[in-house]
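Trainee: Handing you a structure now.
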Amino acid sequence: GESVGLHLPTLSVQEGDNSIINCAYSNSASDYFIWYKQESGKGPQFIIDIRSNMDKRQGQRVTVLLNKTVKHLSLQIAATQPGDSAVYFCAETRPRGQNFVFGPGTRLSVLP
Amino acid sequence: EAGVAQSPRYKIIEKRQSVAFWCNPISGHATLYWYQQILGQGPKLLIQFQNNGVVDDSQLPKDRFSAERLKGVDSTLKIQPAKLEDSAMYLCASSPAPRQGNFNYEQYFGPGTRLTVT
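Rendered as structure tokens:
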């Protein structure tokens, strides 16, 4: 079936460097995408979202890029900090907020 | 603002037993979701409620799983009988009803219930 996937299961970065986490989606009908951060033993926490009529959205230290041509989503974290260590999930949803589909996740490890 | 509450936080049962999870969403949130998250995987949507109606339950194993949200507020998820492969984290999330022209479907997650089936 259709799914949201990730290119890299794990990512290690040095503290202070920028991180890029990638995600591929397969359903061109998806019109809303979200990045979540999940720390061990906790529920996912919203980071940033983007609608399909946008190609870039910025938050505090985070930027999400959407390339609908190749069905690709990325999350950029600037000046990565130890507190950023977690598993990051992308999720997509079809119109009207139905059928949320999460990707398998990427574990980000920040090295001192 | 209080977050999404879930109980219990942990549950250990034997296979073929029954178990129920409870969720109290953020006040005023119309949409409630139940997810199953197997260790090392992303959350999988089991059921989505809009107020007290079911929007999507296509991935709910209906032969053993059931969920209800009778008054459009609290919700319970039940498994009967449990199988070993049901061992997972069960996450509840809620989101406000989207306003016209607003595509914000941000979900607020609870801490989850860790179920172990032995």
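Quick note, the sequences are listed as chains S and V, same order. Note that the first sequence covers residues 1 to 112 in this note's numbering. Note that the second sequence covers residues 1 to 118 in this note's numbering. Idealized CB from N, CA, C, for every residue including glycine.
1) Is it a yes or a no for the segment 36 to 44 of chain V touching the segment 5 to 25 of chain V, going by three-plus beta-carbon pairs under 8 Å?
2) Would you say G103(S) lies against chain V (beta-carbon separation less than 8 Å)?
3) Would a check of beta-carbon distances place F109(V) closer than 8 Å to chain S?
4) At the 8 Å Cβ level, is D63(V) part of the contact set with chain S, yes or no?
5) Need the endpoints of the beta strand (DSSP E) that E68(V) sits in, please.
6) If contact means a Cβ-Cβ distance below 9 Å, which residues of the segment 16 to 50 of chain S contact chain V?
7) Exposed or buried, what is G105(S) when buried is set at 16 or more other beta-carbons lying within 10 Å of its beta-carbon?
8) Within 8 Å, do at least three Cβ pairs link the segment 27 to 35 of chain V to the segment 46 to 53 of chain S?
9) Assuming V110(S) contacts V13(S) (C-beta within less than 8 Å), just tell me the rounded distance between them.
10) Tell me whether D56(V) sits in a helix, a strand or coil according to DSSP, three-state version.
11) Beta carbon of V117(V), beta carbon of K62(V): below 8 Å?
12) Based on the DSSP secondary-structure assignment, which residues constitute the bridge partners of A86(S)?
13) Does chain S have any CB closer than 8 Å to the CB of L60(V)?
14) Does the beta carbon of Q80(V) come closer than 8 Å to any beta carbon on chain S?
15) Let's see if you can read the secondary structure: which residues bound the beta strand (DSSP E) around I47(V)?
16) Considering only residues of the same chain and omitting the five flanking positions on each side of L70(V), which have a CB-CB separation below 7 Å?
17) Pull up the CB-CB distance for C92(V) and S75(V), whole angstroms please, since I reckon it's below 8 Å.
18) On the DSSP bridge assignment, give the partners of D49(S) in chain order.
19) Report the rounded CA-to-CA distance for Q6(V) versus Q48(V), giving the unit in angstroms.
20) Would you grab the beta carbon distance between D86(V) and L45(V) for me? Rounded to a whole angstrom, and I think it's under 8 Å.
21) Which chain V residues are close to T93(S), counting only those with a beta carbon under 7 Å from its beta carbon?
Mentor: Result, derived from the coordinates:
1) no
2) Locating residue 103(S) in the first sequence gives position 103, where the first residue counts as 1. Taking Cβ atoms only, chain V reaches closer than 8 Å to G103(S), which makes this a yes.
3) For the purposes of this step, residue 109(V) is identified with residue 109 of the second sequence, where counting begins at 1. Interface residue, yes.
4) As a first step, residue 63(V) must be located in the second sequence, where it is residue number 63. No, no contact with chain S.
5) The residue given as residue 68(V) occupies position 68 in the second sequence. Here the beta strand (DSSP E) through E68(V) covers F65 to E68.
6) D31, Y32, I34, Y36, Q38, G41, K42, G43, P44, Q45, F46 and D49
7) What you label residue 105(S) is simply residue 105 of the first sequence in a count that begins at 1. By the neighbour-count rule (16 or more Cβ atoms within 10 Å), G105(S) is buried.
8) no
9) Position 110 of the first sequence holds residue 110(S). Position 13 of the first sequence holds residue 13(S). V110(S) to V13(S), Cβ: 6 Å. Contact.
10) The residue you call residue 56(V) lines up with position 56 of the second sequence. In this structure, D56(V) counts as strand in the three-state DSSP scheme.
11) Here residue 117(V) corresponds to residue number 117 of the second sequence, with the count starting at 1. Here residue 62(V) corresponds to residue number 62 of the second sequence, with the count starting at 1. Going by beta carbons, V117(V) and K62(V) fall outside the 8 Å limit.
12) Mapped onto the first sequence, residue 86(S) falls at position 86. Note: A86(S) sits in a beta bridge opposite L108(S).
13) Taking the first residue of the second sequence as 1, we reach residue 60(V) at position 60. So, not an interface residue.
14) Here the question's residue 80(V) lines up with position 80 in the second sequence. False, the Cβ-Cβ gap to chain S never drops below 8 Å.
15) By one-based count along the second sequence, residue 47(V) stands at place 47. K44 to Q50 is the extent of the beta strand (DSSP E) around I47(V).
16) Counting from 1 along the second sequence, the entry for residue 70(V) is found at position 70. So the qualifying residues of the chain are N52.
17) The sequence position of residue 92(V) within the second sequence is 92, counting from 1. The sequence position of residue 75(V) within the second sequence is 75, counting from 1. Their Cβ separation, rounded to whole angstroms, is 7 Å, which keeps C92(V) and S75(V) in contact under 8 Å.
18) Working through the first sequence from its first residue, we reach residue 49(S) at position 49. Assignment of beta-bridge partners to D49(S) by DSSP yields I34(S).
19) To locate residue 6(V), count along the second sequence from 1; it is residue 6. To locate residue 48(V), count along the second sequence from 1; it is residue 48. Rounded to the nearest angstrom, the two C-alpha atoms are 16 Å apart.
20) Here the question's residue 86(V) lines up with position 86 in the second sequence. Here the question's residue 45(V) lines up with position 45 in the second sequence. With a Cβ gap of about 16 Å, D86(V) and L45(V) do not count as contacting.
21) For the purposes of this step, residue 93(S) is taken as the residue at position 93 of the first sequence. Those are Y105, listed as they occur along chain V.
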